[in-house]
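Numbering (full-length UniProt numbering), first residue to last: 1 to 666.
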């Protein structure tokens with residue numbers, strides 16, 4: 001039966017109500033007919049509307065003619081009731097456009113996520129295949145089982161305040177880190193216990209193979225009851241009473257020539273070279289055969305622990321400015337040694353401050369910087385200040401500068417760390433001067449031109465670079481055992497400066513030169529391996545800069561909450577987010593702020609790149625970006641343009657990655 005539109009309005013008292021109800025019905029009808037025709041009617045043969053039964057032939061007729069009746073009704077409304085008809089038509093058009101845009105945005109987001117997943121899988125498979133090609137006996141599950149054992153073993157050694165059981169499979173940088181932290185605990189009269197340690201999951205996050213090392217980054221999700229006890233009485237002082245979860249990334253390295261062990265290795269307490277039981281005292285050497293068991297030549301070595309919120313897939317060494325040129329002069333040079341060496345330097349500086357004695361730092365300082373830093377140390381002593389509970393979140397090579405015309409080789413390394421500036425006696429009573437804050441420092445290391453790296457000493461960064469003995473130097477910086485001058489740069493890298501991270505290092509285009517070149521190459525001929533989708537930026541520092549900018553005139557509770565949500569989105573805890581907000585007000589925290597419009601726009605691109613890590617942007621995150629733009633004299637249009645640019649770039653990369661995956665699988 002045809003629809004009698006006039007019958008709807010025979011009773012004047014119900015005219016307005018019927019008009020509005022009919023209008024709403026029209027919206028629903030036309031939405032079905034015009035906006036979602038495929039999803040509604042394509043299901044007819046599968047039990048949607050066509051074969052539902054009960055309606056006979058008339059049921060099929062309704063499905064075919066509903067769109068025409070709806071359009072006729074809209075025309076009738078526009079002619080006879082234009083105040084309702086025209087707004088209704090406009091609303092339907094807006095709804096159609098919005099639905100189309102939403103569908104498109106959803107498709108872009110899903111493509112970006114899929115591209116990232118494919119990239120991670122392909123990169124991981126390719127790197128594992130490279131390792132297995134050199135080492136056919138490598139077994140992923142067996143490796144992860146050893147990592148789990150190493151993790152539990154280190155937690156136990158930490159709780160016992162004795163790292164010797166783990167010394168054989170950790171680098172000098174990791175050993176120095178743990179040793180100083182344990183010394184601080186003992187001096188303050190407490191012990192940190194990690195009880196009921198359970199590894200919930202251990203999975204390979206990334207794998208890299210170079211001529212220098214095979215590197216496997218393992219994501220470890222674990223839980224433990226973490227609390228402190230008094231050293232004398234054994235009574236609980238503070239900490240948790242129930243298990244809490246945490247995530248860390250542990251990086252293991254091994255020389256390419258090493259093979260998987262058929263017997264037990266360093267993690268199990270055996271020499272990976274000769275199989276003898278290890279009796280470690282000062283150095284990670286086997287008494288039986290003399291092998292340096294933590295060199296990476298025979299077994300995997302733990303050389304870096306990165307906090308969840310600081311970790312990103314490391315970039316290629318070749319992307320570090322100046323590194324390739326320096327490596328041409330020194331083929332054995334590797335990033336692992338440089339970053340481990342910088343870690344040792346950081347902890348020796350903190351040890352000197354805690355002990356109020358220059359001696360721990362003397363072996364790693366150039367004479368020029370030693371004079372300057374000793375003055376800083378004296379000033380801290382006069383103020384009775386020291387750093388309490390220092391911790392390193394990230395160590396990363398920034399760039400390299402090969403020496404010319406008598407100048408030494410020079411490298412810069414970024415160190416992300418946190419600490420509580422305290423005043424008083426490090427071994428007794430003290431008070432906080434500044435709450436826990438996250439800092440970013442740049443360590444400048446120098447070495448004489450022509451010095452060659454020794455592969456077997458990559459992770460022996462704390463011993464004498466000449467004779468290998470435990471470091472003990474005189475006032476001139478010469479080894480007490482062999483007399484070698486260790487601070488001249490003649491044997492290894494030494495520290496020449498520590499300074500805050502600055503804006504000239506931080507603000508650069510979001511896409512680095514290597515990626516731009518890859519895009520240019522893609523225009524001519526599509527590369528076999530698309531450029532990576534991962535962020536090239538420092539997530540932690542970018543969030544710190546965002547906090548500093550939006551907090552210039554104070555930060556509202558809503559903005560604080562939005563920042564916490566964004567930090568949580570990037571894997572940070574509430575306490576870590578608070579540490580970044582605290583750092584925003586400190587002038588010496590190494591947080592760069594854009595100095596001009598160019599830097600402001602470049603940082604906006606970096607920030608958008610970080611926020612859009614999974615292809616989505618929440619309303620609160622968008623408000624934070626708008627607040628940043630307002631503070632640096634940008635406008636909302638700049639934010640919108642940056643978001644569109646980033647989504648377009650990520651989408652194009654993801655499509656290339658998906659196509660490449662199909663080519664490989666096909």
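For each residue, glycine too, the CB sits at the ideal point set by N, CA and C. All of these numbers come straight from a predicted model, not from anything done at the bench.
query = residue 229 bridges to which residues according to DSSP?
reply = If you number the chain shown from 1, residue 229 lands on position 229. Residue 229 is bridged to 191, 236.
ask   = Sorted by chain position, which residues of the same chain lie with C-beta nearer than 8 Å to residue 299's C-beta, five sequence neighbours on each side aside?
value = In the chain shown, residue 299 corresponds to position 299, counting from 1. Result list for residue 299: 169, 254, 258, 261, 265, 266, 267, 272, 293, in chain order.
inquiry  = Taking its Cβ as the centre, do 16 or more other Cβ atoms sit within 10 Å of residue 289, making it buried, or is it exposed?
reply    = The residue you call residue 289 lines up with position 289 of the chain shown. Answer is exposed; the Cβ neighbour count stays below 16.
task = Could you name the residues of the same chain whose beta carbon sits closer than 8 Å to that of residue 218, not counting the 5 residues immediately before and after it, in chain order?
result = Residue numbering aside, residue 218 sits at position 218 when the chain shown is read from its first letter. Within the same chain, residue 218 has close Cβ partners 144, 147, 202, 203, 204, 205, 249, 250, 251, 252.
query = In whole angstroms, what is the alpha-carbon distance linking residue 358 and residue 617?
reply = Here the question's residue 358 lines up with position 358 in the chain shown. Here the question's residue 617 lines up with position 617 in the chain shown. Each residue's alpha carbon lies about 49 Å from the other.
query = Pick from 85, 631, 350, 581: whose alpha carbon is nearest that of residue 182?
reply = Here residue 182 refers to the residue found at position 182 when the chain shown is read from its first residue. When only C-alpha atoms are compared, the closest one is 350.
task = For the beta strand (DSSP E) containing residue 301, list its first residue and its last residue.
result = Indexing the chain shown from 1 puts residue 301 at position 301. Residue 301 -> beta strand (DSSP E) spans 301-307.
task = Given a cut-off of 9 Å, decide if residue 464 and residue 470 are closer than it, judged by their beta-carbon atoms.
result = Locating residue 470 in the chain shown gives position 470, counting from the first residue. Locating residue 464 in the chain shown gives position 464, counting from the first residue. Going by C-beta atoms, residue 470 is nearer than 9 Å to residue 464.
inquiry  = So, at 6 Å on beta carbons, what are the nonlocal neighbours of residue 332 in its own chain, with the 5 sequence-adjacent residues on each side left out?
reply    = The residue given as residue 332 occupies position 332 in the chain shown. Counting only Cβ-Cβ distances below 6 Å, and skipping sequence neighbours, we find 453, 455.
Cut-off 6 Å between Cβ atoms - residues of its own chain near residue 388, not counting five sequence neighbours on either side = On the chain shown, residue 388 is found 388 positions in, with the first residue counted as 1. Excluding sequence neighbours, residue 388 sits near 420, 422.
task = Leaving out five residues on either side along the sequence, give the residues of the same chain with a beta carbon under 7 Å from the beta carbon of residue 137.
result = Position 137 of the chain shown, counting from 1, holds the residue named residue 137. Excluding residues within five positions, the ones whose Cβ falls inside 7 Å are 259, 260.
task = Please report how far the alpha carbon of residue 400 lies from the alpha carbon of residue 329, in whole angstroms.
result = In the chain shown, the residue the question calls residue 400 occupies position 400. In the chain shown, the residue the question calls residue 329 occupies position 329. Rounded to whole angstroms, residue 400 to residue 329 spans 12 Å at the Cα level.
message = Mapping the DSSP letters down to three states, classify residue 367 as helix, strand or coil.
response = In the chain shown, residue 367 corresponds to position 367, counting from 1. Residue 367 falls in the helix class under three-state DSSP.
query = With distances taken between CB atoms, is the gap from residue 562 to residue 623 smaller than 9 Å?
reply = If you number the chain shown from 1, residue 562 lands on position 562. If you number the chain shown from 1, residue 623 lands on position 623. Yes; because the gap between Cβ atoms is below 9 Å, this pair is in contact.
ask   = What's the C-alpha gap between residue 433 and residue 325?
value = As a working mapping, residue 433 is identified with position 433 in the chain shown. As a working mapping, residue 325 is identified with position 325 in the chain shown. Their backbone Cα atoms lie some 45 Å apart in a straight line.
message = Check whether the region 156-176 and the region 279-289 touch, using three or more Cβ-Cβ pairs below 8 Å as the test.
response = yes
request  = Per DSSP, which residues does residue 500 bridge with? Please list them.
outcome  = The residue you call residue 500 lines up with position 500 of the chain shown. Its beta-bridge partners are 441.
inquiry  = Among 435, 424, 395, 486, whose alpha-carbon lies nearest the alpha-carbon of residue 443?
reply    = The residue you call residue 443 lines up with position 443 of the chain shown. The candidate whose alpha carbon is nearest that of residue 443 is 395.
request  = Quick one: measure Cβ to Cβ for residue 192 and residue 162, integer angstroms, because I've assumed they're closer than 8 Å.
outcome  = In the chain shown, residue 192 corresponds to position 192, counting from 1. In the chain shown, residue 162 corresponds to position 162, counting from 1. 13 Å between Cβ atoms; not a contact.
ask   = Helix, strand or coil: which one does DSSP assign to residue 248?
value = Here residue 248 refers to the residue found at position 248 when the chain shown is read from its first residue. It is a strand residue.
ask   = Do three or more CB pairs link the region 425-432 to the region 468-488 at distances below 8 Å?
value = no
3 or more residues per run - each beta strand (DSSP E) lying fully within the region 358-408 = 385-401
task = Determine which residues share a DSSP beta bridge with residue 470 and list them.
result = Position 470 of the chain shown, counted from the start, is the residue given in the question as residue 470. Bridge partners of residue 470: 463.
inquiry  = Buried or exposed for residue 583, going by 16 or more other Cβ atoms inside 10 Å?
reply    = Looking up residue 583 in the chain shown gives position 583. Result: buried.
ask   = Applying the criterion that 16 or more other CB atoms from any shown protein chain within 10 Å of the CB defines a buried residue, is residue 558 buried or exposed?
value = Against the chain shown, residue 558 aligns to sequence position 558. Flag for residue 558 reads exposed.
key: Cut-off 8 Å between Cβ atoms - residues of its own chain near residue 196, not counting five sequence neighbours on either side   = Here residue 196 corresponds to residue number 196 of the chain shown, with the count starting at 1. Closer than 8 Å at the Cβ level, and outside the excluded window around residue 196, lie 223, 224, 225, 243.
Distance, residue 586 Cα to residue 413 Cα = As a working mapping, residue 413 is identified with position 413 in the chain shown. As a working mapping, residue 586 is identified with position 586 in the chain shown. About 22 Å.
request  = To the nearest angstrom, report how far apart residue 345 and residue 320 are at their CA atoms.
outcome  = Taking the first residue of the chain shown as position 1, residue 345 is located at position 345. Taking the first residue of the chain shown as position 1, residue 320 is located at position 320. Between residue 345 and residue 320, the C-alpha separation is close to 21 Å.
inquiry  = The alpha helix (DSSP H) that contains residue 148, what's its start and end?
reply    = In the chain shown, residue 148 corresponds to position 148, counting from 1. That run of the alpha helix (DSSP H) goes 140-159.
message = Rounded to the nearest angstrom, what separates residue 384 and residue 341 at their Cα positions?
response = As a working note, residue 384 is residue 384 in the chain shown. As a working note, residue 341 is residue 341 in the chain shown. In a straight line, the C-alpha of residue 384 is about 29 Å away from that of residue 341.
ask   = My guess is that residue 459 and residue 295 are in contact by the Cβ rule of under 8 Å, so how many angstroms apart are they, rounded?
value = One-based indexing of the chain shown puts residue 459 at position 459. One-based indexing of the chain shown puts residue 295 at position 295. Contact holds; Cβ gap of about 6 Å.
request  = Grab the span of the alpha helix (DSSP H) containing residue 558 for me, first residue to last.
outcome  = Mapped onto the chain shown, residue 558 falls at position 558. Segment 557-569, the alpha helix (DSSP H) holding residue 558.
Between the CA atoms of residue 600 and residue 125 - distance to the nearest angstrom = Stepping through the chain shown from its first residue, residue 125 is reached at position 125. Stepping through the chain shown from its first residue, residue 600 is reached at position 600. The straight-line gap from Cα to Cα measures roughly 39 Å.
message = Let me make sure I understand the geometry here. Which of 495, 212, 130, 302 has the alpha-carbon closest to that of residue 153?
response = On the chain shown, position 153 is the one that residue 153 refers to. Of the candidates 495, 212, 130, 302, the one whose C-alpha sits nearest the C-alpha of residue 153 is 302.
task = Go ahead and label residue 274 buried or exposed: buried means 16 or more other beta carbons lie within 10 angstroms of its beta carbon, across all protein chains shown.
result = By one-based count along the chain shown, residue 274 stands at place 274. By the neighbour-count rule (16 or more Cβ atoms within 10 Å), residue 274 is not buried but exposed.
key: Cross-strand partners of residue 417 (DSSP beta bridge)   = Counted from its first residue, the chain shown places residue 417 at position 417. DSSP output for residue 417 lists 392, 439 as bridge partner(s).
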